[in-house]
Amino acid sequence: MPLLLSDDLSARRRSARLRLASALAVALFGVTICRMARLQLIEHDAYAAKAEAQHTHRVILEPQRGRIYDRNGFLLAGNRSVVSIEVYWPNVPVGSEAQIDSLCLRLSAAGAEASSPDRTGRNQILARDMPYEQALGIISGPLPRGVNWTIGARRTYPLGDVAAAVIGRAGTGGTEGLEREYDGLLSGTAGVRFVERSAFPGMSVTDPEADNIPPVDGADLRLTIDARFQCIVQSELEAALEMSGGSWAAAVVMDPDNGDILAMGSCPVRTDNGSIDMNRCVESMSEPGSTFKIVTLAACLQESLVALQDSFDCSRGIIEVADRTISDCHTFGTLSVRQIISNSSNVGTIRLVSLIPDSVFFDYCRSFGFGAPTGIELPGEQWGILRPPSEWSGMSKASMAIGQEVAVTPLQLARAFCVIANGGRLVQPRLVEASNTSSHWRSWAVFPTSQVLEASVADTMRSVLATAVESGTGTTAAVAGVTVAGKTGTAERLGFGRGAYLSAFAGMIPAEDPRLVAVVIIDRPGYIYRFGSTLAAPVFARMMSRILATEPELAFGGREPGSQQSWMALR
Amino acid sequence: MSRMRQALLVAAVLLVALAMGEVVLYNFRLSLALRMEDLETERTALIREREELENLKAALLAPYRLEEAGRALGLEPLPLSQLALVPGEVGEDAIASLR
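Protein sequences, first through last, are from chains L and A.
Position 105 (the first sequence) corresponds to 576 in my numbering; numbering is contiguous.
Position 39 (the second sequence) corresponds to 684 in my numbering; numbering is contiguous.
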């Protein structure tokens, strides 16, 4: 056996150590590679997200709520930027409270309702919803440590409560009216922005590689409402309600051609607790009284059951129906059909309705839009009450003919009078004329109409209603310079005790070619104001006078399409 | 060996150039982002100003305010009996059509 030399031994040992070290290095390298593969390939998404979250933060971008305009572009609901300033007391150095006191004084001087500093809590709001313009002078300068500010948006209504029943209110206390109906359209869609964090204040910038989503502002709405008419209607209603001591009042002004609602007033506007009261034009229903007699007349004329010159004996002043007696307020004698309506004879109207079969009368009530929603874009619309003939008592048809045993909303009544005003078509009322998305206005479709009466029948009815204002019960609705057609209504308010009445007037101007239809209803006024002719009709006249003074061309009927006309003052 | 050194040199130069490019691009991106922030702030301020002006315009043009102001100036609306609708623009022809 050969002897091993010490050098050979040493070389072999070194070689073994090198191999061991190499194997260890390779193993370590392998582990590192595996670990890196795990981090970079298998767990990549989780770690990338974690890293992203550490160096960026997400900012929600609030969209701007859509504005609401009237038909002439007058702003009815807009937005206003407001600033809230708060202090986080743990970040305020001890001994520097005087700076917060000084800030509060500056806030008060700027017109904010600043609360006095109170270090007992952690967070304290020093000023809430301060107008941006007022706050700008304070937030643009250096603020004490621990003080932060945030910008928010608040809804503004330049007309105050004048159109509150229609527009409603948007806010933390709930949403009502059109603000509620079109909340999805008005509110828009929030966006997201990822901002890279920076150690230097003011150097945080948007991460361009992140999935930033810009906010989509809400659509603007242009209503059919005319702010000028709305102010007139609302002020006249408030005055009438105050004078008569009524429970509530409502009025609707419509364009009979297309169903556009030009004004919709409801009084009182607010409840005792300060919230917006219901819109009486669509949410309150009541007996229409004699204004409902148009349905009886329309059915008789359309079915050719009577002619205007036909006479009916109303000399007794009373009529017995199913063991009950219905009377006129005056004894008239023999009346023609025209006189029955113009003098609002209950006896005559019941004689007229007795000529119509039950189902036909019911069909006419339905075809005038009663007992069904109008489809107006407002929440909480009432359908009214219209019972089918199978549920009628012996009295029902006679009662319905004079506007009892039925309940209608002021809007339903206005829509029914539009049928007479526009040549026999039942229009669908609408409040929104157009919406604006992506900077261009898109007109909304006018809803299709159904023909209820022949145009000649509607013309005849207008002449009867004009007689009612000229020489009948509605003379107090006359407006100087224009012919008015309309019908008064005085209804007993059942369920409210004796002496509870509803005063109503529904009319149109000018009678020959109506451009406006208006309904005025005042519920439970003082006893001396209970008749439609003593309260609602004069209110109608005042409203129309003021509206025509604002827009005189409405008094001159429909204009030829494409023709240009102007109005001028005569010497 | 010299080829190896040349290759290493080229790689190093490329790396340095890439690093320089990265720095330039980063700064360019940062300046653009800051400019965008400034523009965004300016846009927000202009939107706020527009809102305020729109609210102010609506308050000034409120129909009831104009009516009150008109009445205070003695500008009562004319009665309808003193108005006439005439074809076309108001002018000599319109006046002649009234005769």
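Cβ atoms here follow ideal geometry from the backbone N, Cα and C, with glycine treated the same way.
Bear in mind the structure is a predicted one, so any value in this text is a computation, not a measurement.
Chain A contact residues for residue i, given Cβ-Cβ distances below 7 Å
i, result
"F1011/L", "Ordered by position in chain A, no residue passes the 7 Å Cβ test against F1011/L, which lies about 16 Å from the chain."
"Y653/L", "Going along chain A, no residue has its Cβ under 7 Å from Y653/L, so there is no contact; the nearest lies around 20 Å."
"R699/L", "P708"
"L630/L", "A707"
"P414/L", "Past the boundaries of the shown model lies residue 414/L; chain L is included only from 472 to 1042, so the question cannot be answered."
Extent of the continuous beta strand (DSSP E) to which residue i belongs
i, result
"D589/L", "First-last for D589/L: undefined, no H or E at that position."
"L712/L", "Note, L712/L: premise wrong, no beta strand (DSSP E); alpha helix (DSSP H) at 698-715."
"A722/L", "719-725"
"Y972/L", "972-980"
"L532/L", "527-532"
"V991/L", "987-994"
"S910/L", "Neither: S910/L is in no beta strand (DSSP E) and is coded neither H nor E."
"T961/L", "956-963"
"W1025/L", "Here the sequence assigns Leu to residue 1025/L, which means Trp is not the residue at that position. Per DSSP, L1025/L belongs to no beta strand (DSSP E) and is neither H nor E."
"S807/L", "804-807"
"S798/L", "795-798"
"P512/L", "First, the residue type needs correcting, since residue 512/L is Leu and not Pro in the sequence shown. Where L512/L is concerned, there is no enclosing beta strand (DSSP E), given that its DSSP letter is neither H nor E."
The alpha helix (DSSP H) enclosing residue i, as first and last residue numbers
i, result
"Y559/L", "It is not in any alpha helix (DSSP H) - Y559/L instead sits in the beta strand (DSSP E) that spans 546-559."
"V935/L", "926-942"
"D572/L", "568-580"
"M871/L", "867-872"
"V792/L", "It is not in any alpha helix (DSSP H) - V792/L instead sits in the beta strand (DSSP E) that spans 789-792."
"R1017/L", "1008-1021"
"A606/L", "603-610"
"L882/L", "881-892"
Chain-ordered neighbours of residue i on chain L, where CB pairs are closer than 7 Å
i, result
"R693/A", "S552, Y603"
Interface partners of residue i on chain A, CB under 8 Å
i, result
"G952/L", "P724, L725, S726, L728"
"T627/L", "N700"
"S706/L", "Y709"
"L546/L", "E699, N700, K702, A703"
"P919/L", "Those do not exist, as P919/L stays about 31 Å from chain A at its closest Cβ, beyond 8 Å."
"P613/L", "The contacting residues do not exist; P613/L stays about 18 Å from chain A at best."
Beta-carbon neighbours of residue i, restricted to chain A and to distances below 9 Å
i, result
"C702/L", "A707, P708, Y709, E712"
"G549/L", "E696, E699, N700, A703"
"P679/L", "R674, L677, A678, M681"
"A1020/L", "E721, P722, L723, P724, L725"
"P686/L", "Correct list: empty, because the minimum Cβ distance to chain A is about 12 Å."
Neighbour list for residue i in chain L, Cβ cutoff strictly below 8 Å
i, result
"L675/A", "V676"
Assumed close pair residue i, residue j - CB separation to whole angstroms, cut-off 8 Å
i, j, result
"Y998/L", "G970/L", "6 Å"
"M756/L", "G855/L", "5 Å"
"D541/L", "A698/L", "4 Å"
"A892/L", "P727/L", "4 Å"
"V666/L", "L532/L", "Wrong, their Cβ atoms sit about 11 Å apart, outside the cutoff."
"A635/L", "I992/L", "The Cβ separation is near 18 Å, so there is no contact."
"I732/L", "M932/L", "Wrong, their Cβ atoms sit about 22 Å apart, outside the cutoff."
"L779/L", "V818/L", "At roughly 18 Å, the Cβ-Cβ gap does not stay under 8 Å, so L779/L and V818/L are not in contact."
"N550/L", "A624/L", "5 Å"
Under 9 Å from the C-beta of residue i: neighbouring residues of chain L
i, result
"E717/A", "At residue 717/A the sequence reads Ala, which differs from the Glu that was named. Those do not exist, as A717/A stays about 16 Å from chain L at its closest Cβ, beyond 9 Å."
Any non-hydrogen atom of the ligand FMN within 7 Å of residue i CB
i, result
"I821/L", "For the ligand FMN, the structure offers nothing, since it holds no ligand at all."
field: Stretch pair the stretch 743-754 of chain L + the stretch 788-803 of chain L: three plus CB contacts closer than 8 Å
entry: no
query: What are the start and end residues of each continuous beta strand (DSSP E) run of 3 or more residues lying completely inside the stretch 739-786 of chain L, in chain order?
result: 782-785
- prompt: Where in the stretch 685-733 of chain A do unbroken runs of the beta strand (DSSP E), each at least 3 residues long, occur, reported from the N-terminal end onward?
  reply: 728-732
query: When the Cβ atoms of the stretch 652-659 of chain L are set against those of the stretch 673-690 of chain L, are three or more pairs found closer than 8 Å?
result: yes
message: For the structure I just gave you, are there three or more beta carbon pairs, one from the stretch 699-713 of chain L and one from the stretch 674-684 of chain L, closer than 8 Å?
response: no
field: Complete runs of the alpha helix (DSSP H) confined to the stretch 813-879 of chain L [at least 4 residues]
entry: 817-824, 829-838, 867-872
query: Which parts of the stretch 615-664 of chain L are runs of the alpha helix (DSSP H), unbroken and 4 residues or longer, counting only runs that do not cross its ends?
result: 635-638, 648-652, 654-658
Stretch pair the stretch 540-547 of chain L + the stretch 626-637 of chain L: three plus CB contacts closer than 8 Å: yes
message: Taking contact to mean 3 or more Cβ pairs, one atom from each stretch, closer than 8 Å, check whether the stretch 938-958 of chain L and the stretch 731-738 of chain L are in contact.
response: no
query: If you pair each beta-carbon of the stretch 824-842 of chain L with each one of the stretch 861-875 of chain L, do three or more pairs fall below 8 Å?
result: yes
- prompt: On the three-pair Cβ rule with 8 Å, is the stretch 715-734 of chain L touching the stretch 562-570 of chain L?
  reply: no
message: Three Cβ pairs or more, each shorter than 8 Å: is that satisfied between the stretch 979-996 of chain L and the stretch 1013-1027 of chain L?
response: yes
query: Three or more C-beta pairs closer than 8 Å, one from the stretch 577-584 of chain L and one from the stretch 595-603 of chain L: is that the case here?
result: yes
task: Assess, as a yes-or-no matter, whether the stretch 550-559 of chain L is touched by the stretch 635-644 of chain L under the definition of 3 or more beta carbon pairs within less than 8 Å.
output: no
field: Segment contact flag, the stretch 927-940 of chain L with the stretch 909-918 of chain L, C-beta cutoff 8 Å, min 3 pairs
entry: no
Cβ contact check for the stretch 844-853 of chain L and the stretch 879-887 of chain L: 3 or more pairs under 8 Å: yes
task: Please confirm if the stretch 962-981 of chain L is in contact with the stretch 1002-1018 of chain L, defined as three or more CB-CB distances below 8 Å between the two stretches.
output: yes
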